[in-house]
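Going by the numbering used here, the first sequence opens with residue 5, and the numbers climb by one from there.
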Amino acid sequence: MDLLAIFHRLLAEFGPQGWWPLTAHSGSNPTKRGSHSGYHPGDYSFPKTQEEQFEIAVGAVLTQNTAWTNVEMALRNLADAKALHNPKSLLNLPKDQLQKAIRPAGYFNQKSEYLHALATFFTTCNEPPTRQKLLDVRGIGEETADAILLYAFSVPTFVIDAYTKRFLLHRGILSGNEPYKIVQQLFHDSLPHNTVLFQEFHALLVELGKRYYSKKPYGDHIDWDKKDGENYRFG
DNA sequence: AACCAGGACGTGA
DNA sequence: TCACGTCATGGT
Numbered sequence: 005m006d007l008l009a010i011f012h013r014l015l016a017e018f019g020p021q022g023w024w025p026l027t028a029h030s031g032s033n034p035t036k037r038g039s040h041s042g043y044h045p046g047d048y049s050f051p052k053t054q055e056e057q058f059e060i061a062v063g064a065v066l067t068q069n070t071a072w073t074n075v076e077m078a079l080r081n082l083a084d085a086k087a088l089h090n091p092k093s094l095l096n097l098p099k100d101q102l103q104k105a106i107r108p109a110g111y112f113n114q115k116s117e118y119l120h121a122l123a124t125f126f127t128t129c130n131e132p133p134t135r136q137k138l139l140d141v142r143g144i145g146e147e148t149a150d151a152i153l154l155y156a157f158s159v160p161t162f163v164i165d166a167y168t169k170r171f172l173l174h175r176g177i178l179s180g181n182e183p184y185k186i187v188q189q190l191f192h193d194s195l196p197h198n199t200v201l202f203q204e205f206h207a208l209l210v211e212l213g214k215r216y217y218s219k220k221p222y223g224d225h226i227d228w229d230k231k232d233g234e235n236y237r238f239g
């Protein structure tokens, strides 16, 4: 079973996920499905504004090794402090207030520095940045860089997270802890480079991970041999 | 009351 | 390169 077949199976099982979730303040019109209010399943027209692009990038940093529910609180605090509209608004927020706002997301000492670096970068960022430029920003590693590219700038780059590695390892597609780039190439080599496909697939893998690959013993309840009609077409 | 969460970075080998 | 410790809060 190849990766594309796995994608279709997950999509049939869970349905469209509607990533990346956005808070309501940014003027979007999110539907109220999924476990949080900011998701917009089936609507791939996001982000619509630079505000939303920036919010996605901020969320990508805040969610590092952190539950999204915690990130939501931090994002709400930032929005209330009017520091989430654009890079400058965040840079205008005093450091202690920034740390207070993002405290629910954990690692507030590190992440306040990361967000400062991110906002500084975004003030001098003309549309899709290169991956390397993002990696040069303090606090942005490979996964966060790819998440920003894929969800904020609609660049078809696959995001590899811990859940994805666990799943692939459990299914024998990975043998050990292969480096990030190797795992990513697996997806890039066997899938059409389509932004919506990459967004959905990664989101579906996270949903799968949350349900079945969180605590040991790992293992899902998916019937991987079941065939679904090719109802969805991407790429 | 441990354990986990949509990682990144610094360090030493 | 690479394995390992550190960073922090909130939910289960």
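Backbone N, C-alpha and C define an ideal beta-carbon position, used for all residues, glycine too.
Outcome for Trp-228 when other beta-carbon atoms lying within 10 angstroms are tallied against a minimum of 16: Under this definition Trp-228 is an exposed residue.
First through last residue of the alpha helix (DSSP H) which encompasses Ser-116: For Ser-116, the enclosing alpha helix (DSSP H) covers residues 112-127.
Selection from Ala-87, Thr-199, Gly-143 that minimises the alpha carbon distance to Asn-113: With distances taken between Cα atoms, Asn-113 lies closest to Gly-143.
Local conformation of Gly-19 per DSSP, three classes: Here Gly-19 sits in coil by DSSP.
Inter-residue Cα distance where the pair is Ser-218 and Gly-145: The alpha-carbon separation between Ser-218 and Gly-145 amounts to approximately 22 Å.
Own chain, CB closer than 6 Å to Phe-157, minus 5 neighbours either side, in chain order: Within the same chain, Pro-132 come within 6 Å of Phe-157 by CB-CB distance, once the 5 residues on both sides are set aside.
Span of the alpha helix (DSSP H) around Trp-24: Counting along the chain, Trp-24 falls outside any alpha helix (DSSP H), and DSSP gives it neither H nor E.
Residue closest to Leu-14, alpha-carbon to alpha-carbon, out of Phe-126, Val-65, Trp-23, Glu-211: Out of Phe-126, Val-65, Trp-23, Glu-211, Glu-211 has the C-alpha closest to the C-alpha of Leu-14.
Collapsed DSSP secondary structure at Ser-93 in the structure displayed: Helix, per DSSP.
Option in Ala-105, Thr-161, Ala-121 with minimal Cα separation from Arg-135: Arg-135 has its Cα closest to that of Thr-161, out of Ala-105, Thr-161, Ala-121.
Residue nearest to Ile-164 in terms of C-alpha spacing, selected from Gln-203, Thr-127, Asn-198, Gly-176: Nearest neighbour of Ile-164 by Cα position, chosen from Gln-203, Thr-127, Asn-198, Gly-176, turns out to be Gln-203.
Distance, Pro-108 Cα to Ser-39 Cα: Bear in mind that a pLDDT of 36 at Ser-39, under 50, signals an unreliable position, so the model cannot answer this.
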